[in-house]
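>
Protein chains in written order, with this note's numbering: chain Y, 3 to 328; chain V, 95 to 325.
(1) May I ask which residues mark the beginning and end of the alpha helix (DSSP H) holding residue 191 (chain Y)?
(2) To the nearest angstrom, how far is the alpha carbon of residue 154 (chain Y) from that of residue 251 (chain V)?
(3) I need the boundaries of the beta strand (DSSP E) containing residue 206 (chain Y), first residue and last residue.
(4) On the DSSP bridge assignment, give the partners of residue 194 (chain V) in chain order.
(5) Can you name, in chain order, every residue of its own chain whose Cβ lies under 6 Å from the Cβ of residue 294 (chain Y), other than the five neighbours on each side?
(6) Give the single residue among V:199, V:204 and V:173 whose Cα lies nearest to the Cα of residue 189 (chain V).
(7) Could you name the residues of the stretch 181-195 of chain Y whose beta carbon sits closer than 8 Å to any beta carbon of chain V, in the order they occur along the chain?
(8) Say whether chain V places a C-beta atom closer than 8 Å to the C-beta of residue 71 (chain Y).
(9) Does the distance from the C-beta atom of residue 239 (chain Y) to that of residue 288 (chain Y) stay below 8 Å?
(10) Counting only Cβ pairs nearer than 8 Å, list the residues of chain Y close to residue 274 (chain V).
(11) Exposed or buried, residue 204 (chain V), counting other C-beta atoms within 10 Å across all chains shown (16 or more means buried)?
(12) Less than 6 Å between C-beta atoms, sequence neighbours within five positions excluded: which residues of the same chain meet that for residue 325 (chain Y)?
(13) With a cut-off of 8 Å, does the C-beta of residue 329 (chain Y) fall near any C-beta of chain V?
(14) The alpha helix (DSSP H) with residue 206 (chain V) in it runs from where to where?
(15) Run down chain V in chain order and give the residues with a C-beta less than 9 Å from the C-beta of residue 261 (chain Y).
(16) Check each candidate in V:152, V:313 and V:278 and name the one with the smallest Cα separation from residue 204 (chain Y).
(17) Between residue 189 (chain Y) and residue 229 (chain Y), how many whole angstroms is the CB-CB distance? I'm expecting something under 8 Å.
(18) Under a three-way DSSP split, which group does residue 121 (chain V) fall into?
(19) Using the rule of at least 16 other Cβ atoms within 10 Å of the residue's Cβ for burial, across every protein chain shown, is residue 292 (chain Y) buried or exposed?
(20) How about residue 258 (chain Y) and residue 245 (chain Y): do their beta carbons lie closer than 8 Å?
(21) Report the neighbours of residue 267 (chain Y) on chain V: residues whose CB is nearer than 7 Å to its CB, in chain order.
(22) Using beta carbons (cut-off 8 Å, strictly below), is residue 319 (chain V) in contact with chain Y?
(23) Shorter than 8 Å from the beta carbon of residue 268 (chain V) to some beta carbon of chain Y?
(24) In three-state DSSP terms, what is residue 262 (chain Y)?
(25) Any idea if residue 183 (chain Y) is buried or exposed, counting beta-carbon neighbours within 10 angstroms, 16 or more meaning buried?
(26) In the DSSP assignment, find the beta strand (DSSP E) that holds residue 326 (chain V) and state where it starts and stops.
(27) For the candidate residues Y:127, Y:173 and Y:140, whose alpha-carbon lies nearest to that of residue 157 (chain Y)?
(28) Starting from residue 366 (chain V), trace the beta strand (DSSP E) both ways and give me its first and last residue.
(29) In the DSSP assignment, find the unbroken beta strand (DSSP E) run with residue 221 (chain Y) in it and report its ends.
(30) Quick one: measure Cβ to Cβ for residue 144 (chain V) and residue 111 (chain V), integer angstroms, because I've assumed they're closer than 8 Å.
(31) Can you give me the Cβ contacts of residue 264 (chain V) inside the same chain, cut-off strictly under 6 Å, excluding the 5 residues immediately before and after it?
(32) Which bits of chain V does residue 176 (chain Y) rub up against, with CB to CB less than 8 Å?
(33) Would residue 281 (chain V) pass as an interface residue toward chain A - the criterion being a Cβ-Cβ separation below 8 Å?
(34) Under 8 Å between the Cβ atoms of residue 70 (chain V) and residue 268 (chain V)?
(35) Would you say residue 139 (chain V) faces chain Y, with C-beta separation under 8 Å as the test?
(36) Am I right that residue 302 (chain V) and residue 247 (chain V) are in contact with their C-beta atoms under 8 Å? What's the rounded C-beta distance?
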């Protein structure tokens with residue numbers, strides 16, 4: 003309504019000038035009748051209001067649309083209102099269709115790409131399995147080193163798979179009642195070879211009584227990312243990676259602590275951003291910057307609170323607060 | 095000998111599995127015709143089937159149902175797919191277990207043996223456990239026993255595992271990390287000392303049998319089995 007009036011201000015001004023000039027001509031011509039002047043003004047006013055009312059009814063849809071530009075048009079009224087209103091709706095619906103077709107095209111492309119990535123990762127798992135089997139339980143230095151690289155490929159493939167799964171997280175989420183110690187133990191065992199190779203030792207202090215309602219696969223993946231980070235950034239041999247949990251009033255507090263190189267103060271607020279590798283990424287050259295980003299995304303989806311503390315050459319501590327549900 | 099049928103279209107994986115199962119005295123066969131595996135299945139009537147999901151023409155679920163029409167033998171799926179749904183589908187279609195790629199030999203052999211034991215019983219198992227012999231010294235890794243000149247000594251599980259890896263690797267040096275992996279405790283985890291403590295104990299037990307200096311330390315690399323028969 004306001005927009006309608008504002009856009010018709012020029013018209014009102016125009017009528018006003020017409021009225022005044024008509025009256026002025028009569029007045030200057032010597033015809034000075036107050037009642038006639040009042041009558042003319044009244045007539046003009048009624049006619050103007052009538053005109054505006056008819057116009058408003060005919061153009062109502064257009065002005066409604068224009069006052070709510072943030073609403074996406076999905077319903078069109080092609081047989082209502084004035085011809086202008088109708089063609090305006092037609093124009094909108096054409097634009098909307100074109101945009102929808104474009105969007106569908108991109109959606110289909112995105113879905114195709116996701117399927118392709120998924121299939122590709124699974125296809126790559128077969129050659130990795132072959133290399134894995136051929137190098138397993140072998141003492142040969144070259145084979146050990148090949149196995150090390152295979153581990154990295156496998157970790158990379160997993161990260162790709164989980165990144166693309168993150169978009170359909172809800173479809174891929176199976177809640178189980180499961181104890182935290184088992185989850186942590188499994189995640190640590192997945193990184194057994196990495197621990198041994200770096201000569202680091204896991205220290206797990208979690209009571210058997212802590213049970214969670216969570217998805218096993220996602221939880222272990224999340225822990226795995228944090229454990230592999232802890233190992234990767236602890237180049238000094240003989241150290242430990244400590245994983246412990248305490249129960250507070252409303253949360254379980256799970257900490258993963260390493261005694262590694264730590265993270266620069268300046269980098270700390272940015273570590274959960276995608277593709278952020280920071281100073282350590284430059285030193286180690288194996289960071290994709292995706293690990294901690296994925297961890298923070300998964301924590302968000304699971305409603306866990308994630309925080310990080312770190313000091314250079316002292317180590318890094320990751321704290322996850324898991325709300326206790328009854 | 096127990097017969098195992100491996101239905102896997104990746105030839106290398108199939109062959110590697112076959113070789114490994116043979117080490118454990120299991121008679122493993124490979125499928126080559128994926129249009130119809132039933133003739134081979136009927137001819138062989140295997141005790142256990144290892145079945146891949148992604149196969150040419152029909153998938154593993156299909157063959158699993160086909161096999162179930164004629165046999166109740168254990169079927170273990172091997173697949174790169176690790177979704178919950180795939181595992182549920184596999185079990186719904188009549189599988190007994192599920193292994194995801196990439197897998198380790200240990201997992202395969204453990205699951206195969208568990209299924210065989212469950213279905214055919216421990217005593218009905220005619221297949222032989224692996225044995226190692228050298229001169230007058232005999233080692234039975236699954237019975238945790240080492241024997242020489244009529245005298246037998248029991249080993250702990252870790253000692254048996256270590257000895258098996260060293261013996262298999264000989265004359266090469268068994269890598270320290272590899273030995274570590276073997277005795278890594280899946281539940282309570284271990285520290286640096288465990289390996290050397292276990293090796294020391296193993297040496298002592300060997301000495302009790304009159305075997306001297308048969309485990310050589312190679313600094314920074316690992317241990318070497320250098321048994322020499324003495325009279």
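Virtual Cβ for every residue (Gly too), placed ideally from N, Cα, C.
In short, the structure shows the following:
(1) Within the first chain, residue 191 (chain Y) is the residue found at index 189, counting from 1. Counting along the chain, the alpha helix (DSSP H) containing residue 191 (chain Y) begins and ends at 182-192.
(2) Locating residue 154 (chain Y) in the first chain gives position 152, counting from the first residue. Locating residue 251 (chain V) in the second chain gives position 157, counting from the first residue. Straight-line Cα distance between these residues: approximately 31 Å.
(3) As a position in the first chain, residue 206 (chain Y) is number 204, starting the count at 1. That run of the beta strand (DSSP E) goes 203-207.
(4) Position 100 of the second chain holds residue 194 (chain V). According to DSSP, which records beta bridges pairwise, residue 194 (chain V) is partnered with V:173.
(5) For this step, residue 294 (chain Y) is matched to residue 292 along the first chain. For residue 294 (chain Y), where only same-chain residues beyond five positions count, the Cβ hits under 6 Å are 273 and 274.
(6) Residue 189 (chain V) sits at position 95 when you count from the first residue of the second chain. Checked all of V:199, V:204 and V:173; the closest Cα to residue 189 (chain V) is V:173.
(7) Taken in chain order, the members of the stretch 181-195 of chain Y whose beta-carbon sits within less than 8 Å of a beta-carbon on chain V are 187, 190, 191, 194 and 195.
(8) Position 69 of the first chain, counted from the first residue, corresponds to residue 71 (chain Y). No, no contact with chain V.
(9) Against the first chain, residue 239 (chain Y) aligns to sequence position 237. Against the first chain, residue 288 (chain Y) aligns to sequence position 286. It is not a contact, given that the beta carbons lie outside the stated cut-off.
(10) As a first step, residue 274 (chain V) must be located in the second chain, where it is residue number 180. Residues of chain Y whose Cβ lies closer than 8 Å to the Cβ of residue 274 (chain V) are, in chain order, 198.
(11) For the purposes of this step, residue 204 (chain V) is taken as the residue at position 110 of the second chain. Exposed.
(12) Numbered from 1 along the first chain, position 323 holds the residue referred to as residue 325 (chain Y). Answer for residue 325 (chain Y): 253, listed in chain order.
(13) Residue 329 (chain Y) lies beyond the residue range present for chain Y, which begins at 3 and ends at 328; the question has no answer from this structure.
(14) Here the question's residue 206 (chain V) lines up with position 112 in the second chain. Element bounds for residue 206 (chain V): 199-214.
(15) Here residue 261 (chain Y) refers to the residue found at position 259 when the first chain is read from its first residue. Chain V residues near residue 261 (chain Y): none, gap ~15 Å exceeds 9 Å.
(16) Position 202 of the first chain holds residue 204 (chain Y). Minimum Cα distance to residue 204 (chain Y) is reached at V:278.
(17) The residue labelled residue 189 (chain Y) in the question sits at position 187 within the first chain. The residue labelled residue 229 (chain Y) in the question sits at position 227 within the first chain. Yes, they are in contact, since the Cβ atoms of residue 189 (chain Y) and residue 229 (chain Y) sit about 6 Å apart, within 8 Å.
(18) The residue labelled residue 121 (chain V) in the question sits at position 27 within the second chain. DSSP places residue 121 (chain V) in strand when its eight states are reduced to three.
(19) Sequence index remark: in the first chain, residue 292 (chain Y) carries index 290 (1-based). Classification of residue 292 (chain Y): buried, given that the 10 Å Cβ count is 16 or more.
(20) In the first chain, residue 258 (chain Y) corresponds to position 256, counting from 1. In the first chain, residue 245 (chain Y) corresponds to position 243, counting from 1. Contact flag set, yes.
(21) Mapped onto the first chain, residue 267 (chain Y) falls at position 265. Residues of chain V passing the Cβ test: none, with the nearest at roughly 32 Å.
(22) One-based indexing of the second chain puts residue 319 (chain V) at position 225. No, residue 319 (chain V) does not count as interfacial toward chain Y.
(23) Here residue 268 (chain V) refers to the residue found at position 174 of the second chain. Yes, its Cβ sits closer than 8 Å to a Cβ of chain Y.
(24) Mapped onto the first chain, residue 262 (chain Y) falls at position 260. It is coil, neither helix nor strand.
(25) For the purposes of this step, residue 183 (chain Y) is identified with residue 181 of the first chain, where counting begins at 1. When all chains shown are included, residue 183 (chain Y) counts as buried.
(26) This structure leaves residue 326 (chain V) out entirely; chain V is present only between 95 and 325.
(27) Counting from 1 along the first chain, the entry for residue 157 (chain Y) is found at position 155. Among Y:127, Y:173 and Y:140, the Cα nearest to that of residue 157 (chain Y) belongs to Y:127.
(28) The structure shown has nothing for residue 366 (chain V), since chain V only spans 95 to 325.
(29) Here residue 221 (chain Y) is taken as the residue at index 219 of the first chain, counted from 1. Careful: residue 221 (chain Y) lies outside any beta strand (DSSP E), inside the alpha helix (DSSP H) at 218-234.
(30) Taking the first residue of the second chain as position 1, residue 144 (chain V) is located at position 50. Taking the first residue of the second chain as position 1, residue 111 (chain V) is located at position 17. Yes, residue 144 (chain V) and residue 111 (chain V) are in contact; Cβ-Cβ is about 7 Å, under 8 Å.
(31) As a first step, residue 264 (chain V) is located in the second chain; it is residue number 170 there, counting from the start. Closer than 6 Å at the Cβ level, and outside the excluded window around residue 264 (chain V), lie 319.
(32) One-based indexing of the first chain puts residue 176 (chain Y) at position 174. Those are 178, listed as they occur along chain V.
(33) Absent from the structure: chain A. Protein chains present are Y and V.
(34) Nothing about residue 70 (chain V) can be reported from this structure: the residues present for chain V run from 95 to 325 only.
(35) Here the question's residue 139 (chain V) lines up with position 45 in the second chain. No, no contact with chain Y.
(36) Here residue 302 (chain V) refers to the residue found at position 208 of the second chain. Here residue 247 (chain V) refers to the residue found at position 153 of the second chain. Rounded, the Cβ-Cβ distance is 6 Å, consistent with contact.
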